[in-house]
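Chemist: Residue numbers (this note's numbering), protein chains in the order written: chain A, 37 to 194; chain B, 37 to 194.
2 protein chains.
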Amino acid sequence: MGYIEAMDKEFYYEDFEVGQQLRNRRDYTIDKESALAFAREYDPQLQHLDEEEAKASQFGALVVSGWHTAAATMRLKTETDLFKVANGLVGMGLESVRWPQPTKPGDSLRIVVTILEKRLSKSKPGFGVVKYKVETLNQRDEMVMEMVTAVLIPRRNS
Amino acid sequence: MGYIEAMDKEFYYEDFEVGQQLRNRRDYTIDKESALAFAREYDPQLQHLDEEEAKASQFGALVVSGWHTAAATMRLKTETDLFKVANGLVGMGLESVRWPQPTKPGDSLRIVVTILEKRLSKSKPGFGVVKYKVETLNQRDEMVMEMVTAVLIPRRNS
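Take a look at the structure:
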């Protein structure tokens, strides 16, 4: 299966196929300053905030909040062709999220979106349901987050 | 089942029981300025950024990014007794996340954590696994997020 190329058109349910992969256009770097600012506001745990305490933690060093990795992943998703869908995506929640290892301050992240399943919606006749996986990778190609989610996408000519 | 009261002690696996509920100490308000700042950086979609475009969207008004609601929920979790666990929690990822309705700028959020299941860990003898649900509610008692997750918590005297 190939990658969807950037195109000047709007996408519909019919444009996605199982196995297809989509990628973001630019990596996103979480520098130490923004990692600390995010953690102070949303995840004030010592492994995210205090260099010395982090050394003694299970991580052995300062690590980025998993919710910061998740927010960066959302940003990266908006830079894929998923966000060329006509009238935008309608999220249906997340089926699972894992953080196999932490993001470190200074890491540059990218994502690979893989289409897992598609079916017509029973309750919304003009829409299809597309389930996909998002893998967030750092510059060493290590996976820092894996998420499975589904969205409603309009059908063409509906 | 009662609520765990704030105490000057560290919690262990044995201190949690199925059905028990935990709450945060202070509400967390997402004002419009911080909603826009978060969306610009992490979720630059029109329903989060542009008042006029948001009116024409499925939401009918400016709404806070679901990932901002999630980050606020993490903050609220750190203000519950879950974070009095000895040596900190070890997250095992999320089993599901739903956003039944959006947070609006200016909403004040609080959470209710309910312990769903507990069992001893097979792979980590000194630990138990505690599965819990987090409901995030606004000032009108409407649920804006529901999340199910599990954590490893150390056993007492292990």
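Every residue, glycine too, gets a C-beta built ideally from N, C-alpha and C.
Kindly identify the DSSP beta-bridge partner or partners of GLU178 of chain A.
Modeler: Translated into the one-based positions of the first sequence, residue 178 of chain A becomes position 142. None; GLU178 of chain A has no bridge partner.
Chemist: Starting from the beta carbon of GLU131 of chain B, find every residue of chain A whose beta carbon is closer than 8 Å, and list them in chain order.
Modeler: Counted from its first residue, the second sequence places residue 131 of chain B at position 95. The answer, in chain order, is SER132.
Chemist: When Cβ atoms are compared, which residues of the region 176-188 of chain A fall closer than 7 Å to chain B?
Modeler: If the cut-off is 7 Å between Cβ atoms, the region 176-188 of chain A has nothing near chain B.
Chemist: With H, G and I counted as helix, E and B as strand and the rest as coil, what does DSSP make of ALA122 of chain A?
Modeler: Indexing the first sequence from 1 puts residue 122 of chain A at position 86. If DSSP states are grouped into helix, strand and coil, ALA122 of chain A belongs with coil.
Chemist: Keeping to the same chain, check which residues put their C-beta closer than 8 Å to that of PHE29 of chain B; ignore five residues upstream and five downstream.
Modeler: Because chain B here runs from 37 to 194, residue 29 of chain B falls outside it and cannot be looked at.
Chemist: What does a CB cutoff of less than 8 Å around THR65 of chain B pick up in its chain, not counting 5 residues either side in sequence?
Modeler: Reading the second sequence from its first residue, position 29 is the one you call residue 65 of chain B. Closer than 8 Å at the Cβ level, and outside the excluded window around THR65 of chain B, lie GLY142, ASP143, SER144 and LEU145.
Chemist: I need the DSSP call for LYS113 of chain A, collapsed to helix, strand or coil.
Modeler: Mapped onto the first sequence, residue 113 of chain A falls at position 77. Correct three-state label for LYS113 of chain A: helix.
Chemist: Let me check understanding here. Comparing Cα to Cα, which of B:GLU131, B:ARG134, B:PRO136 and B:VAL121 lies closest to ASP51 of chain B?
Modeler: Here the question's residue 51 of chain B lines up with position 15 in the second sequence. Closest by alpha carbon: B:VAL121.
Chemist: Quick check: the region 81-89 of chain B against the region 169-178 of chain B, are at least 3 beta-carbon pairs closer than 8 Å?
Modeler: As far as the Cβ criterion goes, the region 169-178 of chain B does not touch the region 81-89 of chain B, which means the pair count is below three.
Chemist: Counting only beta-carbon atoms, is TYR48 of chain B nearer than 7 Å to chain A?
Modeler: Counting from one through the second sequence, the residue named residue 48 of chain B turns up at place 12. No - not a single Cβ of chain A is within 7 Å of the one on TYR48 of chain B.
Chemist: Just reading off the beta strand (DSSP E) that GLU88 of chain A is part of, what are its end residues?
Modeler: Within the first sequence, residue 88 of chain A is the residue found at index 52, counting from 1. Note, GLU88 of chain A: premise wrong, no beta strand (DSSP E); alpha helix (DSSP H) at 87-92.
Chemist: Can you give the Cα-Cα distance for THR109 of chain B and GLU115 of chain A, rounded to whole angstroms?
Modeler: Taking the second sequence and counting its residues from 1, the one referred to as residue 109 of chain B is at position 73. Taking the first sequence and counting its residues from 1, the one referred to as residue 115 of chain A is at position 79. Rounded to the nearest angstrom, the two C-alpha atoms are 26 Å apart.
Chemist: Can you have a look at ASN60 of chain A and say buried or exposed, based on whether 16 or more other CB atoms are within 10 angstroms of its CB?
Modeler: As a first step, residue 60 of chain A is located in the first sequence; it is residue number 24 there, counting from the start. Under this definition ASN60 of chain A is a buried residue.
Chemist: If you compare alpha carbons, which of A:ALA71, A:ASP79 and A:ASN123 is closest to GLN94 of chain B?
Modeler: Counting from 1 along the second sequence, the entry for residue 94 of chain B is found at position 58. That would be A:ASN123, whose Cα lies nearest to the Cα of GLN94 of chain B.
Chemist: Output needed in chain order: residues of the region 72-98 of chain B with a Cβ under 9 Å from some Cβ in chain C.
Modeler: In the structure shown, chain C cannot be found, because the protein chains are A and B.
Chemist: By alpha-carbon positions, which one of A:PRO80, A:LEU98, A:GLY162 and A:GLY164 ends up nearest to GLN137 of chain A?
Modeler: Sequence index remark: in the first sequence, residue 137 of chain A carries index 101 (1-based). With distances taken between Cα atoms, GLN137 of chain A lies closest to A:LEU98.
Chemist: With distances taken from CA atoms, which of A:ARG155, A:GLN57, A:MET181 and A:VAL184 is nearest ARG191 of chain A?
Modeler: As a working mapping, residue 191 of chain A is identified with position 155 in the first sequence. Cα-wise, what sits closest to ARG191 of chain A is A:ARG155.
Chemist: Chain B partners of GLY124 of chain A, CB-CB under 9 Å?
Modeler: As a working mapping, residue 124 of chain A is identified with position 88 in the first sequence. Those within 9 Å of GLY124 of chain A in chain B are GLN81, LEU82, GLN83, SER93 and GLN94.
Chemist: Quick check on this structure: which residue in B:ASP79, B:GLY127, B:ASP117 and B:ALA186 has the alpha carbon closest to the alpha carbon of PHE47 of chain B?
Modeler: By 1-based counting over the second sequence, the position of residue 47 of chain B is 11. Closest option to PHE47 of chain B, Cα to Cα, is B:ASP117.
Chemist: For PHE47 of chain A, which beta-bridge partners are listed by DSSP?
Modeler: Start at 1 with the first residue of the first sequence, and residue 47 of chain A comes out as number 11. Its beta-bridge partners are A:VAL121.
Chemist: Rank A:LEU188, A:TRP135 and A:ASP67 by C-alpha distance to the C-alpha of GLU171 of chain A and give the top, closest one.
Modeler: Position 135 of the first sequence holds residue 171 of chain A. If we check each option's Cα against that of GLU171 of chain A, A:TRP135 comes out closest.
Chemist: Report the option in A:TYR78, A:LYS167, A:PHE74 and A:MET181 whose CA atom is closest to the CA atom of VAL187 of chain A.
Modeler: Start at 1 with the first residue of the first sequence, and residue 187 of chain A comes out as number 151. VAL187 of chain A has its Cα closest to that of A:LYS167, out of A:TYR78, A:LYS167, A:PHE74 and A:MET181.
Chemist: What residues of chain A sit near VAL114 of chain B, judged by a beta carbon separation below 8 Å?
Modeler: The sequence position of residue 114 of chain B within the second sequence is 78, counting from 1. The sequence given here places Thr at residue 114 of chain B; Val does not occur at that position. Those are ASP79, PRO80 and GLN81, listed as they occur along chain A.
Chemist: Please state if the CB of VAL133 of chain A and the CB of GLY129 of chain B are separated by a distance shorter than 7 Å.
Modeler: Mapped onto the second sequence, residue 129 of chain B falls at position 93. Mapped onto the first sequence, residue 133 of chain A falls at position 97. In contact: GLY129 of chain B and VAL133 of chain A (Cβ atoms closer than 7 Å).
Chemist: Beta-carbon within less than 8 Å of LYS160 of chain A's beta-carbon, same chain only, minus the 5 sequence neighbours each way: which residues are those?
Modeler: Residue 160 of chain A sits at position 124 when you count from the first residue of the first sequence. Cβ neighbours of LYS160 of chain A beyond the five flanking positions: LEU188.
Chemist: Taking the C-alpha atoms as reference points, what is the distance between PRO80 of chain A and ASP63 of chain A?
Modeler: In the first sequence, the residue the question calls residue 80 of chain A occupies position 44. In the first sequence, the residue the question calls residue 63 of chain A occupies position 27. PRO80 of chain A and ASP63 of chain A: Cα-Cα distance of roughly 26 Å.
Chemist: Could you check whether the Cβ of ASN174 of chain B sits closer than 7 Å to any Cβ belonging to chain A?
Modeler: On the second sequence, position 138 is the one that residue 174 of chain B refers to. Closer than 7 Å: no.
Chemist: List, in order along the chain, the chain B residues whose C-beta lies closer than 8 Å to that of GLY102 of chain A?
Modeler: As a working mapping, residue 102 of chain A is identified with position 66 in the first sequence. Near GLY102 of chain A (Cβ distances below 8 Å), the residues of chain B are GLY127.
Chemist: ASP67 of chain A to ARG76 of chain A, Cα distance in whole Å?
Modeler: Residue 67 of chain A sits at position 31 when you count from the first residue of the first sequence. Residue 76 of chain A sits at position 40 when you count from the first residue of the first sequence. Each residue's alpha carbon lies about 14 Å from the other.
Chemist: Is THR139 of chain B closer than 7 Å to THR105 of chain B when the C-beta atoms are compared?
Modeler: One-based indexing of the second sequence puts residue 105 of chain B at position 69. One-based indexing of the second sequence puts residue 139 of chain B at position 103. The answer is yes: Cβ separation under 7 Å.
Chemist: Output the boundary residues of the alpha helix (DSSP H) element that contains LYS158 of chain B.
Modeler: For the purposes of this step, residue 158 of chain B is identified with residue 122 of the second sequence, where counting begins at 1. Where LYS158 of chain B is concerned, there is no enclosing alpha helix (DSSP H), given that its DSSP letter is neither H nor E.
Chemist: In chain order, what residues of the same chain lie with their CB nearer than 6 Å to the CB of TYR49 of chain B, ignoring the 5 residues before and after it?
Modeler: As a position in the second sequence, residue 49 of chain B is number 13, starting the count at 1. Counting only Cβ-Cβ distances below 6 Å, and skipping sequence neighbours, we find GLY164, ILE189 and ARG191.
Chemist: Measure the alpha-carbon distance for LEU58 of chain A versus VAL149 of chain A and round it to whole angstroms.
Modeler: Residue 58 of chain A sits at position 22 when you count from the first residue of the first sequence. Residue 149 of chain A sits at position 113 when you count from the first residue of the first sequence. Straight-line Cα distance between these residues: approximately 5 Å.
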